[in-house]
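Chemist: Dropping the structure in here first, questions after.
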Amino acid sequence: MTTIFLPDTKATQQLGINFGKNLTAGSVILLEGDLGAGKTTLVQGIGQGLGITESIVSPTFTLINEYTEGRIPLYHLDLYRLEPQEVTGLNLESYWEGIEVTPGIIAIEWAERMPYLPDSYLKVCLIHAENGTRQAEITAVNCELSILNIYI
Ligand SMILES: Nc1ncnc2c1ncn2[C@@H]1O[C@H](COP(=O)(O)OP(=O)(O)OP(=O)(O)O)[C@@H](O)[C@H]1O
Ligand SMILES: [Mg+2]
Numbered sequence: 001m002t003t004i005f006l007p008d009t010k011a012t013q014q015l016g017i018n019f020g021k022n023l024t025a026g027s028v029i030l031l032e033g034d035l036g037a038g039k040t041t042l043v044q045g046i047g048q049g050l051g052i053t054e055s056i057v058s059p060t061f062t063l064i065n066e067y068t069e070g071r072i073p074l075y076h077l078d079l080y081r082l083e084p085q086e087v088t089g090l091n092l093e094s095y096w097e098g099i100e101v102t103p104g105i106i107a108i109e110w111a112e113r114m115p116y117l118p119d120s121y122l123k124v125c126l127i128h129a130e131n132g133t134r135q136a137e138i139t140a141v142n143c144e145l146s147i148l149n150i151y152i
């Protein structure tokens with residue numbers, strides 16, 4: 001696990017930009033962390049890094065927002081309102097397996113709600129730290145963090 005200090009909103013966005021510029025199609029980012037920890041902010045950075053100009057808003061009610069304007073598609077999900085059983089019904093694997101979906105980056109807020117996980121993913125836990133700052137704890141499972149210049 002790698003820990004990154006995020007002193008302000010811009011730092012969270014910058015981490016996302018790094019992801020958006022470097023990750024390959026099929027990458028899954030599982031975002032965990034309390035309410036207001038910075039998950040959507042990070043995804044907004046990913047959108048910027050991909051070259052998406054449309055504004056990225058939280059899909060709390062829509063469940064999934066798709067952006068196809070950038071280098072590769074961005075699929076932004078928010079599972080906050082769902083029970084694990086309901087998540088199963090979404091067939092999320094069609095996103096990371098690229099079945100009937102153009103492969104892209106899949107960013108999932110409230111990934112704690114997932115009853116099953118892909119074989120490879122980046123897990124980013126955003127944590128409230130002192131004086132209103134944040135910390136990101138990043139774990140790469142069966143994938144490389146080094147392309148992001150983030151070394152374990
Ligand atoms: N590193 C940081 N330091 C201080 N504030 C930050 C940092 N990163 C993001 N924020 C701020 O935290 C607030 C909440 O961010 P955001 O909406 O991205 O959180 P979230 O985890 O998506 O929340 P939710 O759980 O409601 O989906 C925003 O005002 C954002 O600007
Ligand atoms: Mg959010």
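Sequential numbering from 1 applies to the sequence shown in my numbering. In this text, a Cβ means the ideal position worked out from N, Cα and C, and glycines have one as well.
Could you please go through the chain and list the residues whose beta-carbon is closer than 7 Å to any non-hydrogen atom of ligand 2?
Modeler: Working through the chain, the matches are K39, T40, S58, T60, D78 and E109.
Chemist: When burial is assigned at 16 or more other CB atoms within 10 Å of the CB, is F61 buried or exposed?
Modeler: If you number the sequence shown from 1, residue 61 lands on position 61. When all chains shown are included, F61 counts as exposed.
Chemist: Are V44 and I52 close, meaning C-beta to C-beta below 7 Å?
Modeler: Locating residue 44 in the sequence shown gives position 44, where the first residue counts as 1. Locating residue 52 in the sequence shown gives position 52, where the first residue counts as 1. The residue asked about is misnamed: residue 44 is Gln in this sequence, not Val. Contact flag unset, no.
Chemist: In whole angstroms, give me the CA-to-CA distance for A129 and Q135.
Modeler: As a position in the sequence shown, residue 129 is number 129, starting the count at 1. As a position in the sequence shown, residue 135 is number 135, starting the count at 1. Cα-Cα distance, rounded: 6 Å.
Chemist: Out of E86, L50, K21 and P59, which has the shortest C-alpha to C-alpha gap to K39?
Modeler: Here residue 39 refers to the residue found at position 39 of the sequence shown. The shortest C-alpha separation from K39 is found at P59.
Chemist: Confirm the yes/no value for this check: CB of T62, any heavy atom of ligand 4, distance under 6 Å.
Modeler: The model depicted lacks ligand 4 and carries ligand 1 and ligand 2 instead.
Chemist: What I want to know is whether the C-beta of A140 ends up closer than 6 Å to one or more non-hydrogen atoms of ligand 1.
Modeler: Walking along the sequence shown from the start, residue 140 turns up at place 140. False, no ligand heavy atom lies under 6 Å from that Cβ.
Chemist: Decide if I99 is buried, meaning its Cβ has at least 16 other Cβ atoms within 10 Å, or exposed.
Modeler: By one-based count along the sequence shown, residue 99 stands at place 99. Flag for I99 reads exposed.
Chemist: Could you tell me the alpha carbon to alpha carbon distance between I152 and A111, rounded to whole angstroms?
Modeler: Working through the sequence shown from its first residue, we reach residue 152 at position 152. Working through the sequence shown from its first residue, we reach residue 111 at position 111. Per-residue confidence for I152 stands at a pLDDT of 41, beneath the threshold of 50, marking its modelled position as unreliable; the derived number appears in the next sentence. Rounded to whole angstroms, I152 to A111 spans 22 Å at the Cα level.
Chemist: Is it true that the CB of P73 sits closer than 7 Å to the CB of G26?
Modeler: Indexing the sequence shown from 1 puts residue 26 at position 26. Indexing the sequence shown from 1 puts residue 73 at position 73. The answer is no: Cβ separation not under 7 Å.
Chemist: Rounded to whole angstroms, what is the Cα-Cα separation between G89 and E66?
Modeler: For the purposes of this step, residue 89 is taken as residue 89 along the sequence shown, with counting starting at 1. For the purposes of this step, residue 66 is taken as residue 66 along the sequence shown, with counting starting at 1. C-alpha separation (whole angstroms): 18 Å.
Chemist: Short of 8 Å in beta carbon distance, which residues of its chain neighbour Q13, apart from the five on each side in sequence? Order them along the chain.
Modeler: Here residue 13 corresponds to residue number 13 of the sequence shown, with the count starting at 1. Cβ neighbours of Q13 beyond the five flanking positions: T41, L42, Q44, G45 and Q48.
Chemist: When burial is assigned at 16 or more other CB atoms within 10 Å of the CB, is E109 buried or exposed?
Modeler: What you label residue 109 is simply residue 109 of the sequence shown in a count that begins at 1. So E109 ends up on the buried side.
Chemist: On a CA-only basis, which of R71, E93 and E86 is nearest G20? Give me that one, please.
Modeler: Numbered from 1 along the sequence shown, position 20 holds the residue referred to as residue 20. Nearest C-alpha to G20: R71.
Chemist: Looking only at its chain, what residues have a beta carbon closer than 6 Å to the beta carbon of M1, apart from the 5 residues adjacent to it on each side?
Modeler: Within the sequence shown, the letter at position 1 stands for residue 1. Closer than 6 Å at the Cβ level, and outside the excluded window around M1, lie E137 and T139.
Chemist: Can you grab the Cα-Cα spacing for the pair K10 / N149, in whole Å?
Modeler: Taking the sequence shown and counting its residues from 1, one reaches residue 10 at position 10. Taking the sequence shown and counting its residues from 1, one reaches residue 149 at position 149. The straight-line gap from Cα to Cα measures roughly 18 Å.
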